[in-house]
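Here's the structure we're looking at; comments come further down.
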Amino acid sequence: MSNGPTRKHTALPKAQILVEALPWLTRHHGKTVVIKFGGNAMVDDDLKAAFAQDVVFLRHAGLKPVVVHGGGPQISAALDRAGIVSEFKAGLRVTTEDAMDVVRMVLAGQVQRELVGLLNQHGPLAVGLTGEDAHTITATKHQPRIEGELVDIGRVGQITEIDTGAVETLLADGRIPVVSSIARSQDDGHVYNVNADTAAAALAAALSAETLMVLTDVEGLYEDWPDSDEVISRLTATQLEKLLPDLSSGMVPKMEGCLHAVRNGVTTARVIDGRVQHSILLEIFTDEGIGTMVVPDGQGEP
């Protein structure tokens, strides 16, 4: 009998933490959340394992997580091994036909497989697909404008259409879709490499997701970087739009994605620090949101 009260005492904080999560569990139950997996969380083994635990936790807590991933570091390494030079223009990878074969192989055959494997350590949950499957993502050739001129950067796609049929079928079956950011071509029978931040945002909007979460290697959007590392915790679509021209090139597709999402039916879009273990759970189930949250216009300041 003597150890009874002690046991109660050590278990109590766990119970309190679970009870604190209750309003969030209620609010998010049955809601779709699209998570863009990338950055350091994608290459660090401990962070990868924590990410998989978080996503499975969301699924068991009654949410419907969808994971979208790219694979910049892995693609660069594979291109090096194949003797293909990595070249970037306007922040986008120049993707030749040869490079596209490698991109597709790495995303669908390596990064996606590893992620599916990590999630499926917890049960028969994850199913991998690329944007090619069931016309999930369709694109046309994207030509960025550099100094006023259109530039050909190869098989880089601009998303024209999303078909959520396969993803919704998987969600209805209790599965976790893991989507590689490759698109089918609208017009020439090839495939395109598409920016994973953009793909996640387009998918979130098409699914009318509750939340888009983008994992990054920074704490969020900084107030006036590099003079301050104060993170903006919340801003509206219009406030974000005004900041876009001054953002660093790496943050642009992420924040443009957040903007697109909240302007097209997604309730909140968040950029969170993927270097923090369990950052997804901290963001969804606590008051102390740890990144930058973008909300539609009209929702004002907190």
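When the letters of the sequence shown are read in order and numbered with the numbering used here, they come out as residues -11 to 290.
All C-beta atoms, glycine included, are put in the ideal place defined by N, C-alpha and C.
A quick note: this is a predicted structure, and the numbers were derived from the prediction, not measured.
Would you mind working out which of the options sits nearest residue i, comparing C-alpha positions?
i    : options                   : result
V22  : L269, A189 and M281       : A189
N252 : F25, K24, L191 and V115   : L191
V219 : G60, L80, G279 and H16    : G279
V254 : G286, A194, G50 and S236  : A194
D175 : E149, D32, V166 and E211  : E149
P165 : H17, L51, T14 and V31     : L51
I268 : L0, K24, I5 and T(-2)     : K24
A225 : E198, G238, D285 and A249 : D285
T118 : G177, A154 and E8         : A154
E75  : A197, V144, N108 and T128 : V144
D151 : E137, S237, G136 and R172 : R172
V115 : E137, G162 and T128       : G162
D32  : L106, L10, R15 and M88    : L106
L200 : V55, G136 and Q4          : V55
Could you give the DSSP three-state label for residue i: helix, strand or coil?
i     : result
Q146  : strand
V56   : strand
R92   : helix
K77   : strand
T124  : coil
T226  : helix
P290  : Because the pLDDT at P290 is just 46, under 50, the model does not fix this residue reliably, and the point stays unresolved.
R251  : helix
N108  : helix
E137  : strand
N28   : helix
K19   : coil
P233  : helix
L191  : helix
P165  : strand
I63   : helix
T186  : helix
V219  : strand
L13   : helix
T(-2) : helix
L209  : strand
With a CB to CB cut of under 8 Å and the five nearest residues on each side skipped, what residues in its chain are close to residue i?
i    : result
W12  : I272, F273 and T274
H110 : A40, Q41 and V44
H57  : K24, F25, G26, M30, L95, V99, Q100, L103, V166, V167, S168, S169 and A184
H266 : A38, Q41 and D42
Cutting at 7 Å between CB atoms, please list the residues of its own chain near residue i, excluding the five before and the five after it.
i    : result
R92  : I170 and V179
K2   : none
T186 : I147, P241 and G245
Q62  : V94, Q98 and V99
E229 : L247
R69  : none
Q287 : T224
T84  : G142
V283 : R222, T224, V250 and T256
L231 : none
D86  : I72
A197 : T20, V21, V22 and V254
V7   : none
How far does the beta strand (DSSP E) with residue i in it reach, from first residue to last?
i    : result
A38  : No beta strand (DSSP E) holds A38; the alpha helix (DSSP H) holding it covers D33 to H48.
V283 : T280 to V283
L117 : A114 to T118
L203 : T199 to T204
D261 : T256 to D261
S173 : I170 to S173
V179 : V179 to N181
By Cβ distance, which residues of its chain are closer than 6 Å to residue i, with the 5 residues on each side in sequence left out?
i    : result
A66  : V90 and V94
M281 : R222, T256 and R258
L270 : I278
H17  : G50
E211 : E218 and I220
In terms of residues, what are the limits of the alpha helix (DSSP H) holding residue i?
i    : result
A154 : G153 to A160
L269 : S267 to F273
_Does the structure place the stretch 153 to 161 close enough to the stretch 27 to 46 that three or more beta carbon pairs sit under 8 Å?_
no
*Looking at C-beta atoms only, is the number of pairs between the stretch 247 to 263 and the stretch 197 to 206 that lie closer than 8 Å three or more?*
yes
*Decide yes or no for the touch test of the stretch 124 to 134 against the stretch 46 to 61: beta carbon pairs closer than 8 Å, at least 3 of them.*
By the Cβ test, the stretch 124 to 134 is not in contact with the stretch 46 to 61, since fewer than three Cβ pairs between them sit closer than 8 Å.
*asked:* Check whether the stretch 73 to 87 and the stretch 130 to 148 are in contact - that is, three or more C-beta pairs closer than 8 Å.
replied: yes
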